[in-house]
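The listed protein sequences correspond, in order, to chains A and B. Okay, so the first sequence: first residue is 1 according to full-length UniProt numbering, each after it adds one. Okay, so the second sequence: first residue is 1 according to full-length UniProt numbering, each after it adds one. Backbone N, C-alpha and C define an ideal beta-carbon position, used for all residues, glycine too. Before any comments, here is the structure.
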Amino acid sequence: MSAHTSRFPWNLLVGFVLSIALTLLAVFVTFYTDFSSSVILWIIGAFAIFQAIIQLFMFMHVTEGKEGIINVINIVNSMILALIIIFGTIWVLTSGHAAM
Amino acid sequence: MSLDEFFVTGDPMILASQIAIALTMVGLVALITYLKRWKWLWSEWFTTVDHKKIGIMYILAGVLMFFRGGVDGLLMKAQTSRPEMGILDAQHYDEIFTTHGVIMILFMAMPLLIGIMNVVIPLQIGARDVAFPKLNALSFWLFFVAAMLFNISFVIGGSPDAGWTSYFPLAGKEFTPGVGNNYYAISLQIAGIGTLATGINFVVTIIKMRAPGMSWMKMPIFTWTTFITSIIIVAAFPIFTVALLYMSLDRLFGTHFFTVAAGGDPMLWLNLFWLWGHPEVYIVVLPAFGMFSEVIATFARKNLYGYKSMVYAVAGIAFLSMLVWVHHFFTMGNSAAVNSIFSLTTMMIAIPTGVKIFNWLFTLRKGRIEFSTSMLWALAFIPCFTIGGVTGVMLAMAAADYQYHNTMFLVAHFHYVLIPGVVFAVFAGLYYWWPKMFGFKLNEKIGKWHFWLFVIGFNLTFMPMFFVGLDGMSRRMYTYAESTGWGCMVRLLSSWFLNNGSWFRCTCLQYLLEFPLCVTESRK
Ligand code: HEM
Ligand SMILES: [Cu+2]
Numbered sequence: 001m002s003a004h005t006s007r008f009p010w011n012l013l014v015g016f017v018l019s020i021a022l023t024l025l026a027v028f029v030t031f032y033t034d035f036s037s038s039v040i041l042w043i044i045g046a047f048a049i050f051q052a053i054i055q056l057f058m059f060m061h062v063t064e065g066k067e068g069i070i071n072v073i074n075i076v077n078s079m080i081l082a083l084i085i086i087f088g089t090i091w092v093l094t095s096g097h098a099a100m
Numbered sequence: 001m002s003l004d005e006f007f008v009t010g011d012p013m014i015l016a017s018q019i020a021i022a023l024t025m026v027g028l029v030a031l032i033t034y035l036k037r038w039k040w041l042w043s044e045w046f047t048t049v050d051h052k053k054i055g056i057m058y059i060l061a062g063v064l065m066f067f068r069g070g071v072d073g074l075l076m077k078a079q080t081s082r083p084e085m086g087i088l089d090a091q092h093y094d095e096i097f098t099t100h101g102v103i104m105i106l107f108m109a110m111p112l113l114i115g116i117m118n119v120v121i122p123l124q125i126g127a128r129d130v131a132f133p134k135l136n137a138l139s140f141w142l143f144f145v146a147a148m149l150f151n152i153s154f155v156i157g158g159s160p161d162a163g164w165t166s167y168f169p170l171a172g173k174e175f176t177p178g179v180g181n182n183y184y185a186i187s188l189q190i191a192g193i194g195t196l197a198t199g200i201n202f203v204v205t206i207i208k209m210r211a212p213g214m215s216w217m218k219m220p221i222f223t224w225t226t227f228i229t230s231i232i233i234v235a236a237f238p239i240f241t242v243a244l245l246y247m248s249l250d251r252l253f254g255t256h257f258f259t260v261a262a263g264g265d266p267m268l269w270l271n272l273f274w275l276w277g278h279p280e281v282y283i284v285v286l287p288a289f290g291m292f293s294e295v296i297a298t299f300a301r302k303n304l305y306g307y308k309s310m311v312y313a314v315a316g317i318a319f320l321s322m323l324v325w326v327h328h329f330f331t332m333g334n335s336a337a338v339n340s341i342f343s344l345t346t347m348m349i350a351i352p353t354g355v356k357i358f359n360w361l362f363t364l365r366k367g368r369i370e371f372s373t374s375m376l377w378a379l380a381f382i383p384c385f386t387i388g389g390v391t392g393v394m395l396a397m398a399a400a401d402y403q404y405h406n407t408m409f410l411v412a413h414f415h416y417v418l419i420p421g422v423v424f425a426v427f428a429g430l431y432y433w434w435p436k437m438f439g440f441k442l443n444e445k446i447g448k449w450h451f452w453l454f455v456i457g458f459n460l461t462f463m464p465m466f467f468v469g470l471d472g473m474s475r476r477m478y479t480y481a482e483s484t485g486w487g488c489m490v491r492l493l494s495s496w497f498l499n500n501g502s503w504f505r506c507t508c509l510q511y512l513l514e515f516p517l518c519v520t521e522s523r524k
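This is the structure we're talking about:
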C-alpha cells in the first residue's frame, strides 16, 4: 500500500468519474427517453452491474493482495450458482407447465 | 390439549418404545448420578470446543442414529417380507420410511462424516483446531438438538409421513394437517443451519490454517475432498434453508408458496428440494471418496495414482452436481428439451466418477496389499459402488426413467451408492483412524466378522430389489398381493431375519460393545 500513496491515485479518480457518469446516465435514460419501461429496466440494470464491477476493482481492490485470487473465485462461483438457480428454476418450471 | 393427544397412543410397539425411552432416561440419569459424572460430563464434553471431542460426539450420535434408522429399516423389511403382512398399517409404514430416510441421510451419514472430518482435518493440515472452535461446538449442538427433536416425533405428536423428500401437495397442511410434517420442516431447518456453519468453518480452516509449506497440491486427498464438500455445503444448504422456510410458512401461517391455491406451485418445492438434494448426495459421498483414497494408498503401500486427476475429478463432480437436479423428476411432465439436457449432464457425472474408480484400481495395481479390515471395506466398496453408479446411468436416461422411476430399482440404486459410498467409508475410516481418537487399534478379528456379515448381508438385502423393481414393484408401498409374485423373490433372498437382521445387528452390537470398552481402555 505504501508504494501507492506516493503516486496520484488515477484509478480512484477514474472509478469516481465513471461511477458518477453511470449514475447520471441512468437518470437520463429513465427520465428523458421514450423507451418502454422494460427496456429502461434492462439498460439501467446493465449500468448497475457495470458500476458494481468498477467499484469492486477500483475501490475494493478485489484482485489485489494474498486473498485476491480467492475473492475472485468466490465471486465468480457465487454468480454462477445464482444464475444456475434462478434461470434453471425459471426454465424448468415454465417449460414444464407449457408442456402440460 | 389432553395428555393422550400429546403422546401417540394406540399402538403396542409405540407404547413399548415410550416405556423403554422413559426407563432409559431414568436409568441414564441414575447411572451418571451414581458414578458422580455430571460435572465431568458438563465440563469435559458438553461445553467442550475441542475438535477431537466434538468429532467423537458426532460419531457417537451418528452411531446412535444408525441404530434408530436401522430399526426403521428392519420394520419396513419385516412388513414387506411377504405379501399382506400385518405388522404395520399404511400410516405407520409411511411414517417409518420417512423417518428412516431423513435419519439415515441427515442424522447418520452427515454426523459420521463430519465427525471424522473434525477429528482428522486439523491433524492432516497441522492445525491446532478448526478456525472457529466455538462455532464448531454450536454446529454440533444444533445438529444434536435437531436430531433429538426429529426422533421424538414418533412418540410425541406423530411422525412426518410424506417421505424424506416431503413432496407437496402431500406435505402441505391441506393433506397432512397433523404436526408430523412440522417436525420435518423445523428440525431439518435447525440441523441445516448447523451444517452450513460447519461448511463455512472447514472452508476457512483449510484455506487459512494449513501448515507452512503445504501448498494446494500438497494437501492430503481427504483434506481436498473435505474442502470441496464444504464448498458444496455452502452453495447448496441455503437453498434448503429457504425451501424449508417456505414450507414452514405454508404449513404454519397459511401462505401459498407450494399450494396451487392463490398461485403457488408444488413443483417449486421439488425443484428447490433437488437443487439442494442432489448436491447433498455428493456432500455425503465426496468425503467418503477421500477416505477410501487414503486407506487404499496406505494399505497398497503406494502413492495414490493420479493425485492431480483425482483432485480435478472431485472439482468436476462438485461443479456438475449443481447441474443435474431435474433427473429426480423427469416424469413430472417437463419439456423434451429440459429432460434431454438434464439426462446429458447427469451422464456426464459418470465420467469424473469413473476416473476415480480407475485411479483406485491403478493404485492397487502392483501394490503390496495388506488386507486389514479398513482395506477390506475399501476393496468391497469398489465393485459395490460401481453397480450403484452403472444403474445410476441407466436411471439417467429420461425416457427409460419413466419405467424405473419410483420402483424398487431406484431404491436399490441409491442404496448401492449410499451404503458402499458412505457407510463402508465410515467403517474404513473408523478402523483406520481409531488409534488417533482412542490410542489403540480395534480388534481385527471382530472387524473381519463385522466386514463379512455386513457386506454379504448388504448385497443379499439390496440386490433382489433391482429385480423386483424391474418386475414393477414400486417403492413406498406398505403391502402387495400374493399374485404379484414379488414375495417369492423378496423371501428367497432377503428374509429380513437372516440377512438384513444379521448385518445390521452385528454392526450395532459391535459398536455398542466396543465403545464402552474403548473409552475405558483409553482412560487407562
Ligand atoms: C454415476 C453417478 C450417478 C448417476 C448417473 C445417478 C443417477 C440418478 C438418477 C437419474 C436418479 C433418479 C431416478 C428416479 O427417481 O427415477 C437417482 C436417484 C438417487 N440417487 Fe443417484 N446417481 C448417481 C450417483 C449417486 C450417488 C453417488 C449417490 C449418493 C451417494 C446417489 C444417491 C441417489 C439417491 C438418494 C436417489 C433417490 C432419491 C429419492 O428419490 O428418494 N446417486 N440417481
Ligand atoms: Cu441426483
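Since residue i contacts residue j with CB under 8 Å, what's their CB separation in whole angstroms?
| i | j | result |
| --- | --- | --- |
| B/His-328 | B/Gly-254 | Not confirmed; about 28 Å, so no contact. |
| B/Phe-140 | B/Tyr-34 | Actually they do not touch by this definition, with Cβ atoms about 27 Å apart. |
| B/Tyr-404 | B/Leu-395 | 5 Å |
| B/Thr-479 | B/Pro-169 | Contact doesn't hold; Cβ gap of about 24 Å is too wide. |
| B/Leu-112 | B/Gly-194 | Actually they do not touch by this definition, with Cβ atoms about 15 Å apart. |
| B/Gly-367 | B/Lys-302 | 5 Å |
Among the residues of its own chain, which have a CB less than 7 Å from the CB of residue i, if the five just before and after it don't count?
| i | result |
| --- | --- |
| B/Arg-475 | Asn-406, Thr-407, Met-408, Leu-410, Val-411 |
| B/Lys-356 | Phe-289, Met-310, Ala-313 |
| B/Trp-496 | In this prediction, B/Trp-496 has a pLDDT of 45, which is less than 50 and means its spatial position is unreliable; what the coordinates show is noted afterwards. Result list for B/Trp-496: Leu-74, Lys-77, Ala-78, Ser-81, in chain order. |
| B/Met-267 | Met-332 |
| A/Phe-50 | Leu-22 |
| B/Gly-178 | Gly-158 |
| B/Thr-386 | Ile-357 |
| B/Gly-62 | Met-108, Pro-111, Leu-112, Gly-115 |
| B/Thr-225 | Leu-286, Pro-287, Phe-289, Gly-290, Val-314 |
Going along chain B, which residues have a C-beta under 9 Å from residue i?
| i | result |
| --- | --- |
| A/Pro-29 | The residue you asked about is not Pro; residue 29 of chain A is Val in the sequence shown. By Cβ distance, chain B contributes nothing, its closest Cβ being about 33 Å from A/Val-29, past 9 Å. |
| A/Thr-89 | Leu-268, Asn-271, Leu-272, Leu-275 |
List the residues of chain A that residue i touches, going by C-beta distances under 8 Å, in chain order.
| i | result |
| --- | --- |
| B/Val-326 | Val-92 |
Given that residue i touches chain A, what residues does it touch there, using C-beta distances under 7 Å?
| i | result |
| --- | --- |
| B/Met-322 | Leu-81, Ile-84 |
| B/Val-455 | Here the premise fails: no neighbours, minimum Cβ distance about 38 Å. |
Going along chain B in order, which residues have a C-beta closer than 7 Å to the C-beta of residue i?
| i | result |
| --- | --- |
| A/Ile-70 | Ile-207 |
Kindly list, in the order they appear in chain A, the residues whose Cβ is closer than 9 Å to that of residue i.
| i | result |
| --- | --- |
| B/Ala-235 | Asn-77, Ser-78, Leu-81 |
Once the 5 residues before and after residue i are set aside, which same chain residues still bring their CB inside 6 Å of it?
| i | result |
| --- | --- |
| B/Glu-95 | Ser-159, Asp-161 |
| B/Gly-55 | Gly-115, Asn-118, Val-119 |
| B/Gly-73 | His-100 |
| B/Asp-265 | none |
| B/Ser-153 | Ser-159, Tyr-183 |
| B/Leu-31 | none |
| B/Ala-197 | Leu-135, Ser-139 |
| B/Glu-482 | Pro-83 |
| B/Gly-163 | Thr-98 |
| B/Ser-374 | Val-295, Ala-428, Tyr-431, Tyr-432 |
| B/Ala-127 | Met-209 |
| B/Leu-249 | Thr-255 |
| B/Gly-501 | Its pLDDT being 48, under 50, B/Gly-501 is placed unreliably by the model, and the measurement read from it follows with that caveat. Nothing listed; no residue qualifies. |
Apart from the five residues on each side of it in sequence, which residues of its chain come closer than 8 Å, Cβ to Cβ, to residue i?
| i | result |
| --- | --- |
| residue 526 of chain B | Limits of chain B in this structure are 1 at one end and 524 at the other, which puts residue 526 of chain B out of reach. |
What I want to know is whether the C-beta of residue i ends up closer than 7 Å to one or more non-hydrogen atoms of ligand 3.
| i | result |
| --- | --- |
| B/Ile-59 | Among the ligands present in this structure, namely ligand 1 and ligand 2, ligand 3 is not found. |
Problem set entry | At least 3 beta-carbon pairs within less than 8 Å: the segment 201-210 of chain B vs the segment 224-236 of chain B | Look at the beta carbons and you see the segment 201-210 of chain B touching the segment 224-236 of chain B: at least three pairs across the two are nearer than 8 Å.
Exercise. Using a beta-carbon distance cut-off of less than 7 Å, what residues from the segment 263-290 of chain B approach chain A?
Worked result: Residues passing the 7 Å Cβ filter: Asp-265, Met-267, Leu-268, Asn-271, Leu-275.
Problem set entry | Segment contact flag, the segment 369-382 of chain B with the segment 440-458 of chain B, C-beta cutoff 8 Å, min 3 pairs | Enough Cβ pairs lie closer than 8 Å, so yes.
Exercise. Are the segment 262-276 of chain B and the segment 243-251 of chain B touching by the rule of at least three beta carbon pairs closer than 8 Å?
Worked result: Touching, yes.
Exercise. Given 8 Å as the limit, is there contact between the segment 291-310 of chain B and the segment 355-367 of chain B, that is, 3 or more CB pairs closer than that?
Worked result: With a cut-off of 8 Å, the segment 355-367 of chain B and the segment 291-310 of chain B count as touching, because enough Cβ pairs lie within range.
Problem set entry | Residues, ordered as in the chain, of the segment 337-348 of chain B that lie near chain A by beta-carbon distance below 8 Å | Cβ contacts with chain A: Ala-337, Val-338.
Exercise. At a Cβ cut of 7 Å, what residues of the segment 239-257 of chain B count as close to chain A, listed as they run along the chain?
Worked result: Close to chain A, meaning a Cβ-Cβ distance shorter than 7 Å, are the following residues of the segment 239-257 of chain B: Ile-239.
Exercise. Does the segment 41-56 of chain B come close enough to the segment 127-144 of chain B that 3 or more CB-CB pairs lie under 8 Å?
Worked result: Output reads yes: the segment 41-56 of chain B touches the segment 127-144 of chain B.
Problem set entry | Stretch-stretch touch, CB-based, cutoff 8 Å, three pairs: the segment 61-77 of chain B with the segment 97-111 of chain B | For the pair of segments examined, the segment 61-77 of chain B was found to touch the segment 97-111 of chain B: the number of CB pairs separated by less than 8 Å reaches three.
Exercise. Below 8 Å, can you find three or more Cβ-Cβ pairs linking the segment 281-298 of chain B to the segment 162-179 of chain B?
Worked result: Result no; under three Cβ-Cβ pairs closer than 8 Å.
Problem set entry | the segment 144-152 of chain B / the segment 185-201 of chain B touching (three or more Cβ pairs under 8 Å) | With three or more CB-CB distances shorter than 8 Å, the segment 144-152 of chain B counts as touching the segment 185-201 of chain B.
Exercise. So does the segment 79-95 of chain A actually touch the segment 316-330 of chain B, counting three or more Cβ pairs closer than 8 Å?
Worked result: They touch, by the three-pair rule.
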